[in-house]
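Some notes on the structure that comes next.
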């Protein structure tokens with residue numbers, strides 16, 4: 002199959018999965034659906050965060066997959082999955098602010114201080130907001146070489162996200178889902194860092 006068709010197929014699958022899950026979760030919370038359990042708001046918050054982290058992990062995986070397979074077309078899925086990650090995080094934050102905390106900043110600000118994982122999640126949201134805004138070709142041209150440097154913050158957002166998710170779910174790293182996310186994100190981070198360290202360690206031999 003030609004790369005163009007593979008990209009189209011990949012994007013179609015991402016759109017189908019992302020839109021279906023987002024509609025299912027938002028509809029489930031709004032209509033208090035049975036599949037959302039006895040506390041739809043709490044489950045909605047958890048699952049929106051899970052899918053946001055899932056799409057963020059996918060976004061980080063496309064470059065290594067492209068390098069390992071020798072197929073550069075994988076990287077064309079990065080922007081879409083990154084935007085879907087942001088699309089799940091936005092209602093996650095909205096539901097926390099407007100429903101969980103009743104959009105009362107006298108509740109929210111102390112909560113940011115008392116429960117540090119909330120603050121970490123908020124910082125991750127701000128990073129994803131900046132990355133979503135600057136994901137267009139126009140911003141790539143405006144930022145030039147700095148665009149890639151800026152979008153390396155995706156790794157920071159992923160680390161903050163998995164930490165936030167772990168404490169939000171009130172589970173440890175031994176929880177299967179948390180452990181899987183942590184291992185995959187760590188491997189993806191190492192796949193990015195190790196080549197950079199290797200290239201930096203190769204110093205020119207001084208001339209006699």
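Residue numbers (my numbering): 2 to 209. Each residue gets a CB set at the ideal place from its N, CA and C atoms; glycine is no exception. Keep in mind it's a predicted model, so treat the numbers as computed, not measured.
So is residue i buried or exposed if we call it buried at 16+ other beta carbons inside 10 Å?
i           : result
residue 100 : exposed
residue 37  : buried
residue 184 : exposed
residue 186 : buried
residue 104 : exposed
residue 16  : exposed
residue 71  : exposed
residue 20  : exposed
residue 3   : exposed
residue 10  : exposed
residue 62  : buried
residue 204 : Model confidence at residue 204 stands at a pLDDT of 47, short of 50, so the residue's coordinates are unreliable and nothing is read from them.
For residue i, name the three-state secondary structure that DSSP assigns.
i           : result
residue 139 : helix
residue 88  : helix
residue 3   : coil
residue 50  : helix
residue 171 : coil
residue 153 : coil
residue 214 : No answer is possible for residue 214: it lies beyond the span of the chain, which begins at 2 and ends at 209.
residue 32  : coil
residue 18  : helix
residue 146 : coil
residue 177 : helix
Compute the beta-carbon to beta-carbon distance between residue i and residue j, rounded to the nearest angstrom, for a pair I have assumed lies under 8 angstroms.
i          : j           : result
residue 90 : residue 129 : 6 angstroms
residue 60 : residue 155 : 6 angstroms
residue 78 : residue 12  : 7 angstroms
residue 54 : residue 162 : 5 angstroms
residue 76 : residue 64  : 6 angstroms
residue 7  : residue 74  : 6 angstroms
Looking at chain B, is there any beta carbon in it that lies within less than 7 angstroms of the beta carbon of residue i?
i           : result
residue 130 : Note that chain B does not occur in the displayed structure, where there is just one protein chain.
Report yes if the C-beta distance between residue i and residue j is below 7 angstroms; otherwise report no.
i           : j           : result
residue 125 : residue 158 : yes
residue 26  : residue 45  : yes
residue 121 : residue 93  : no
residue 85  : residue 123 : no
residue 118 : residue 168 : yes
residue 33  : residue 52  : no
(message) Does the structure place the stretch 44 to 58 close enough to the stretch 110 to 119 that three or more beta carbon pairs sit under 8 angstroms?
(response) no
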